[in-house]
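Heads up: the sequence shown runs through residues -20 to -1, 1 to 197, numbered per mature numbering (1 follows the signal peptide of the UniProt record, and there is no 0).
For every residue, glycine included, the Cβ atom is placed at its ideal position computed from N, Cα and C.
All remarks here apply to the structure that follows.
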Amino acid sequence: MVSMTPLLTALLAALPLVLASPMVGLETRGELTKNAACNTAKKSYSGNWRKFPAIDTWLTFDDLFECNRGSMSASGSTSADITKIKVAIVDAAKLGVDERVILGIIMQESHGYVGVQTTISPDGVPTAGLMQCTGCDGFPGKKGLTQAQISSMVKGGTKHYKENLKTWGDKWSGESIYPALREYNSGSVNPDNLSDGRNATPSYVSDVANRFRGWVN
């Protein structure tokens, strides 16, 4: 009679490998899901605020920040700068602006580069800093900034946007958020078509809306 011991030993030795393999698959699927959320296909939005993504379709602030971390690094900001940007956003949001909106403006205006160059608006006015706003602090060509320097840029831009938000009802909804974004970029608004750039960037509101849902460039 043939002994069963060698056969049982071989089967038991292989068993942990069989049990472990599904776990690898789950981890891989989890990473793919996470990466997919950060690479949402860009869509074109136009029309009034109702034609733009509702807030309940946006990713969370933490997820959006992680989605954009690589872009901020590629732009030239250091790891420490990026950490300070997040701190600055959380603090500036206390002014009454959604953290995701602040992040969306930062990524649209400067890709999160703390040393972004000061630019000139269509009206000939200098706009500076992470949120490229009039009268805001800027540190062109520099990185490795202090928390105070980074916070000053973010708070300055957030204050500007908050004033735009108040013009449109100061509501925590697209009804106020999207027209305020149009005003932040162009200074005037056609509420029936938020992609009417008024001599500024026509796709500005559409671009930022895409960022709320995970689009990264």
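- With respect to the C-alpha of residue 26, the residue from 77, 181, 39, 60 having the closest C-alpha is 181.
- Straight-line measurement puts the Cα of residue 131 at about 25 Å from the Cα of residue 159.
- Nearest to residue 142 by C-alpha distance, out of 113, 179, 127, is 113.
- Counting C-beta atoms within 10 angstroms of its own C-beta, residue 162 has 16 or more neighbours from the protein chains shown and is therefore classed as buried.
- Boundaries of the beta strand (DSSP E) harbouring residue 108: 106 to 108, taken from the DSSP string.
- Rounded to the nearest whole angstrom, the C-alpha separation of residue 66 and residue 171 is 31 Å.
- Checking the DSSP bridge columns, you'll see residue 113 partnered with 108.
- Spatial neighbours of residue 69 in its own chain (CB-CB distance under 7 Å, excluding positions within 5 residues in sequence) are listed in chain order as 79, 82, 83, 134.
- Per the C-alpha coordinates, the member of 50, 167, 173, 140 positioned closest to residue 155 is 173.
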